[in-house]
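A short worksheet on the structure shown next.
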Amino acid sequence: MLSKKISPYDLSATDCITTEIISAANGKITLKLIDFSADPDASLRFILKHNKTGMQLFPEVSRPDPDTYLLDFSFIEAFYELTGTNFFYLTVETASNSDVHLYRLSPRSEIAASIKPAVLIEDIYLKDDIKEVQTERVVLLQASIDDARSFRITLCSRNRLVQVTHTCVLKSLNMRGGILKITFDLKPDSLEYVKTIFRFRNKLAEAAIAYDFTTVSTRKHGDMLRIKISLDLHTVTWNGLYWDIYVEVFDPTNNRTNRIQITISTRRRMFMKFLYNGSFHTPDDFYVYPYYTGGTKLALVNRAREQYDGFDIVLKEFTAMFLYNIAKPYWKKKHICLVDEKYSTRAQDNGYYFFKHCMENDEETYLGQKIYYIITKDSPDYDMIRPYKKNVVHFMTIRHMCYILAAELLVSTDARSHIYAQRSRHSIFTRYTKKLPFVFLQHGVTALKRVDFFYGKGKPGSCDLFVVTSEKEKQIVIDNFNYEPYEVINTGFARWDVLKDKSQDSHDILVMPTWRSWLEGASDREFEESDYFRHYAALLNSQRFKDLLEKYDLHANFYLHAIFQAHTESFHIASDRIHLKSFGDTPVNELLMQCKMLITDYSSVSWDVLYQNKPTLFYQFDLDKYNEAHGSYIDMKTDLFGDRAETLDQLLDSLEKTIQNNFRMEPKYEKMQQEYFQFEDHEHSRHICEEIKKWMKRK
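What the sequence shown shows, in the working numbering, is residues 558 to 1256, in sequence order.
What follows is the structure, encoded as structure tokens:
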């Protein structure tokens, strides 16, 4: 078996051969090509073509009979990570002299819709070989349901197999009185219904909170089983954001128990989006309501109520769509490029500095785009963009919505969804943000946290151009995110244009930890019960830490990640040398330039400090938990460019050593610094514009 990578595969460019599958099991497929005759002198080979990347795999082939082919796919289990919407089309290539032709393999049209997936390889486990239910994979041969009606090879979980072969559809839902009542239809075939589970979505095993629904009734309804369930929401200990609903079924033919999710039909999704306003109010003053996932599966979200959750937002959206459509030629002439930062509330990061550069250097003319910055009216950073007010659009106004519909390009530090109120309960507009061509400026260097599951090519946060800061980072993105080299641009960050060391007369050190996914959306109570809070509260209230600051005449600025800013007031400090910095107090860039050193855990702002030749200490008291939930692209214990501590005493020992060394980086870390950066010319925004211009020409 050989493999290679080519440009994405275009199904429309191939002819079709009607194919009969004689058998498919044990990693092998026997098939017959019907009404197909190739040149006797032509060579013939079977190819698997990956639907997104165009990667080619070549199975071993033998011919038991003149018109029958036996294909061996046992090697494909090595690609177990290709799940969900990743699959391989089965194709045939013929070649004679200089003539090469590619054919799709398709079942007869009259039977295509009735073909069920065949399991080629039963059990595949992840590399650690821990045989848990959630790690099981199977290889399937199935007829695709798209217009191509092609055979394809899919590698998916066994739960996914049950999901695609068994119908489980929502019929009704209500939450009156805090009692969640659900009715759904399950087509069991040979499966037996066991129970329905309500489960907190979290990557940490220790946080796997689950509750069993009460099964009120089950009865036959045609060839379906109509099931009614209920759950008293007052009995749930609410954590985090997302809660999933799983239907547990048992297969007596193989003694396996699997979990599938409840699908929501289009009509019911529209009802849930526009008409249903039911919710449950939790003791933490959050509200819980149903929503549908990207895969149209039923789930619940638990979060604080926000200003964009009302039905009024839908009225504004329809108004914007009307205004855009009646004047579409006008909007298209504007050639709009939108720039924003996290949640469109800030002007401190790469988005702002890119926009500022464009305004002050006439990059609109160079790029042929009218460039606008999106920001909330009440942003603490509004004064930063006030000089360019003609090119500022206020977040969630009708004008903002029209500009999203008309935009030709989005340049952002975060995912496309941050250009809009991404969690608005009744909004239908987020679908339009997904279509925007996207230059991803990044918020931080990609190394210390795995994000390819979201920002990888073809994933929800994928982009057209991925900005990186070094050849090392570029290789990480190419190797792990599935982008082509020309889609990853090594320009450095726009915010580094103004980054310079201002610490000569400073007495400040900066303590700036990153966030934790398992605490996203947590209430104050949940946050204050976490290891994260306890460790940083212990640092900020440590007598030894206070004594070091006093002894060496230093001050410490403590700045929480933007996602945790709501919890800043949870920290109480009795020292006039330690200062809690809230969002908007001082731009993060200024804190990074003024500090003499940084204490962080896994935050990529450490590269901003490294860029200035300043030392960083890494306080990693929860490395195992962090790796379980996030993971990284480097070895934290050997590849960091600063001392690493797991305990408070180790951290304070390293801190005192760094102070006594007059805040000089150690030689081994200085060497690493020299290897990381290609550009240190403070022209990063200009380099980004040049790469965008090249991309636009290619496009």
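Even for Gly, the Cβ is constructed at its ideal location relative to N, Cα and C.
Within the same chain, and ignoring the five residues on either side of L1105 in sequence, the residues whose Cβ sits closer than 8 Å to its Cβ are L1111, L1209, L1212, E1213, I1216.
Bridge partners of K589 according to DSSP: E577, T625.
Boundaries of the beta strand (DSSP E) harbouring N731: 725–731, taken from the DSSP string. The Cβ atoms of I1130 and A1113 lie no closer than 7 Å to each other.
Taken through DSSP and simplified to helix, strand or coil, Y1040 comes out as coil.
Annotation: V871 to L880 spans about 14 Å, alpha carbon to alpha carbon. When P937, K891, N907 are compared, the shortest CA-CA separation from I928 is found for K891. Fewer than three beta-carbon pairs drawn from the segment 755–772 and the segment 715–731 are found closer than 8 Å, and the two stretches are therefore not classed as touching.
For the 7 Å CB-CB criterion, V968 and V1045 do not form a contact. In this structure, the beta-carbon distance from S707 to S663 falls below 7 Å. Distances from the alpha-carbon of S787 to those of E749, S729, I821, Y1176 put S729 closest. In the three-state scheme derived from DSSP, where H, G and I count as helix and E and B as strand, V1162 is classed as coil. R982 and S836 have their C-alpha atoms some 11 Å from each other. Residue pairing for Y960: DSSP places it in no beta bridge. In its chain, beyond the 5 residues on either side, L588 have a beta carbon closer than 6 Å to the beta carbon of I578.
The shortest C-alpha to C-alpha distance from L601 to any of I586, S653, F1198, W1252 is the one to S653. Distance from T1048 to H1118 at the Cβ level is roughly 25 Å; contact not present, criterion being Cβ atoms closer than 8 Å. As summarised for the segment 955–1036, the continuous alpha helix (DSSP H) elements at least 4 residues long and confined to that stretch are 955–963, 987–990, 1009–1012, given in chain order. When the beta-carbon positions are compared, K1014 and F1038 come within less than 7 Å of each other. One thing to note: I736 has its Cβ no nearer than 7 Å to the Cβ of D801.
When the alpha-carbon of E1227 is set against those of L1197, A1202, A1095, W1252, the nearest one is in L1197. For the pair L1076 and Y1183, the Cα-to-Cα distance works out to about 12 Å. Considering only K1016, G908, L1005, H1000, the residue with the shortest C-alpha distance to K991 is K1016. Contact check for K1006 against H1187 passes: the beta carbons are separated by less than 7 Å. In the structure shown, K891 adopts coil according to DSSP, grouped into three states.
Listed in chain order, the beta strand (DSSP E) runs fully inside the segment 745–811 are 749–757, 767–769, 771–778, 781–789, 799–808, counting runs of at least 3 residues. Secondary structure of N1146 (DSSP, three-state): helix. Shown here, P616 sits in coil according to DSSP, grouped into three states, outside any helix or strand.
Residues of the same chain with a CB within less than 8 Å of the CB of Y945, apart from the 5 flanking positions on each side, are F912, K913, M916, Y930 in chain order.
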